[in-house]
Amino acid sequence: MKIGVVFPQIESGTDPGFIRDYAQTAESLGYDYILIYDHVVGANTASRPNWKGPYTSKNTFHEPFVVFGYMAACTKRIELVTGVIILPQRQTVLVAKQAAAVDVLSGGRLRLGIGVGWNDVEFEALGMNFHDRGQRSVEQIKVMRALWTQETVTFDGRWHKITDAGINPLPVQRPIPIWIGGESEIALRRAGRIADGWTSSRPIRPAGKQPAGEPARDQQVQRLREYLAAAGRDPASFGIEGRAAIADGGPDDWRRQVESWKKLGATHLGINTMQAGLPNPRAHIDAIKRFREATAK
44 MKIGVVFPQI
54 ESGTDPGFIR
64 DYAQTAESLG
74 YDYILIYDHV
84 VGANTASRPN
94 WKGPYTSKNT
104 FHEPFVVFGY
114 MAACTKRIEL
124 VTGVIILPQR
134 QTVLVAKQAA
144 AVDVLSGGRL
154 RLGIGVGWND
164 VEFEALGMNF
174 HDRGQRSVEQ
184 IKVMRALWTQ
194 ETVTFDGRWH
204 KITDAGINPL
214 PVQRPIPIWI
224 GGESEIALRR
234 AGRIADGWTS
244 SRPIRPAGKQ
254 PAGEPARDQQ
264 VQRLREYLAA
274 AGRDPASFGI
284 EGRAAIADGG
294 PDDWRRQVES
304 WKKLGATHLG
314 INTMQAGLPN
324 PRAHIDAIKR
334 FREATAK
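Letter by letter, the sequence shown follows residues 44 to 340 of the numbering used here.
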């Protein structure tokens, strides 16, 4: 199982030196990948008293493709992962171009995690339809894979029309791996049908601490494998990424999280250091060091 780190978007600050040091430290510690969350704009809760979303206009979010262009120059080996790009709020061909650029600059180290999002405020600001985002994302994946593997593309779909045109340069990986993120049943079904892997954003909670209504991880993974089988796909060639949080206890708890995901057959595990009460961005570097020391045996 490959172990990666979740870049601390909402607690990272704006110092580019920290971004460089974080990426280089993660690589030097032997982590396999850096995963980054995506949001373009945040809602102002002062005008939305009933807001229930986890992020607001007060939260810092660096743009993933720009950050990965910077990290590509600062690192040599570590994989760069979006977890996840909110694909249907973005122009498909532009995403394909940006992803290809990161893949070229990093020497083929990009894994593109995508999701459909939850924030209608963000879709409105970007001029995209919130209500057809799931269906549209399926067509977006087809378009991107065509653009990554063909010098020129002709595509006439429900939402996209390309007439004998292509991106240049093409990515190193043809196509770039696409993983689908999301906890809903439809996300699992869609991932099993068309994606290269599935990403979960939630850790495995200790017994008795799982929030009400949150699906059990073993049941999710089992259904995912059923969807893969229904699509005639080999589960051995499909990736499963879990999440662990340092906020959930200490070293013994971290080791339990790692072992729990291994037992479920996860191929990847991302370590989240956010919302753990860390005092400053640099403390996140110390946190990924501690997690590595506790779990590397």
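We put the beta carbon where it would ideally sit given N, CA and C, even for glycine.
Worksheet entry | Residues of its chain near Thr242, where Cβ-Cβ distance is below 6 Å and the 5 sequence neighbours each way are ignored | The beta carbon of Thr242 sits closer than 6 Å to the beta carbons of Gly126, Gly156, Trp222, Gly224 and Glu284 from its chain, once the five residues preceding and following it are set aside; these are given in chain order.
Please give the ranges of any beta strand (DSSP E) in the stretch 252 to 335, keeping only runs that are unbroken, at least 3 residues long and fully inside the region. With a minimum length of 3 residues, the continuous beta strand (DSSP E) runs that stay inside the stretch 252 to 335 are 282 to 288 and 311 to 315.
Review point. By the 10 Å Cβ neighbour count, where 16 or more other Cβ atoms means buried, how is Ser180 classified, buried or exposed?
Key: buried
Q: State the Cα-Cα distance for the pair Ala339 and Thr68, rounded to the nearest angstrom.
A: 15 Å
* Residues that DSSP places opposite Pro246 in a beta bridge -> In DSSP, Pro246 forms a bridge with Arg286.
Cα-Cα, which of Ile247, Leu267 and Arg268 is closest to Leu259? Reading off the sequence, residue 259 comes out as Ala, not Leu. Checked all of Ile247, Leu267 and Arg268; the closest Cα to Ala259 is Ile247.
Item to complete: Below 8 Å CB to CB, which residues in the same chain sit around Met44 once its five sequence neighbours on both sides are set aside?
Response: Val301, Trp304, Lys305, Ala309, Thr310, His311 and Leu312
Helix, strand or coil, according to DSSP, for Ala189 in the structure here? Residue state, collapsed to three classes: helix.
* **Where Tyr80 sits in the DSSP three-state scheme** => Three-state result, Tyr80: coil.
| message | In whole angstroms, give me the CA-to-CA distance for Leu148 and Gly200. | response | 31 Å
8 Å CB neighbourhood of Thr103 in its chain, flanking five on each side removed: Gln52, Ile53, Glu54, Ser55, Gly56 and Thr57
Here's a check: name, in chain order, each residue in its chain whose Cβ is nearer than 7 Å to the Cβ of Ala290, leaving out the five neighbours to either side.
Within the same chain, Ala290 has close Cβ partners Gln318 and Ala319.
Q. By Cβ distance below 6 Å, which residues in the same chain neighbour Pro324 in space, the five residues on each side in sequence not counted?
A. So the list reads Ser55, Gly56 and Phe61, once near-sequence residues are dropped.
What residue from Val159, Ala287, Ala116 and Asp277 has the CA that sits closest to Leu130's CA? Val159
| Using the C-alpha atoms, what's the distance from Arg286 back to Gly170? | 32 Å
#### Entry: Nearest neighbour of Ser280, chosen from Asn315, Pro294, Thr316 and Gly235 [CA to CA]
Gly235
Quiz item: For the beta strand (DSSP E) that contains Gly126, what are its first and last residues?
Solution: In the DSSP assignment, Gly126 falls within the beta strand (DSSP E) that extends over Glu122 to Ile129.
Starting from Thr206, follow the beta strand (DSSP E) in both directions and report where the run begins and ends. Lys204 to Ala208 is the extent of the beta strand (DSSP E) around Thr206.
**Asked** Just checking my contact of Pro107 with Ile77 at CB under 8 Å: how many whole Å lie between their CB atoms?
**Response** That pair is no contact at about 10 Å.
Query raised in the report: Should His82 and Tyr65 be called a contact, given that it needs their Cβ atoms to be closer than 8 Å?
Result: If you check the CB distance, His82 and Tyr65 do not come in under 8 Å.
Buried or exposed (CB count within 10 angstroms, at least 16 for buried), Pro92 | exposed
task: Check the C-beta distance from Ala288 over to Asn315 and give it rounded, since I have them as a contact under 8 Å.
output: 5 Å between Cβ atoms; contact.
Check your understanding: Which of helix, strand or coil does DSSP assign to Lys101?
Key -> coil
query: Bridge partners of Gly156, per DSSP?
result: Trp222
Locate the alpha helix (DSSP H) running through Lys95, then write down its first and last residues.
Counting along the chain, Lys95 falls outside any alpha helix (DSSP H), and DSSP gives it neither H nor E.
- Enclosing beta strand (DSSP E) for Phe198 [first to last residue]: That run of the beta strand (DSSP E) goes Val196 to Asp199.
Quiz item: Gly47 by DSSP, collapsed to three states: which one?
Solution: Here DSSP, grouped into helix, strand and coil, assigns Gly47 to strand.
(Q) For the alpha helix (DSSP H) containing Ala142, name the first residue and the last one. (A) Segment Thr135 to Leu148, the alpha helix (DSSP H) holding Ala142.
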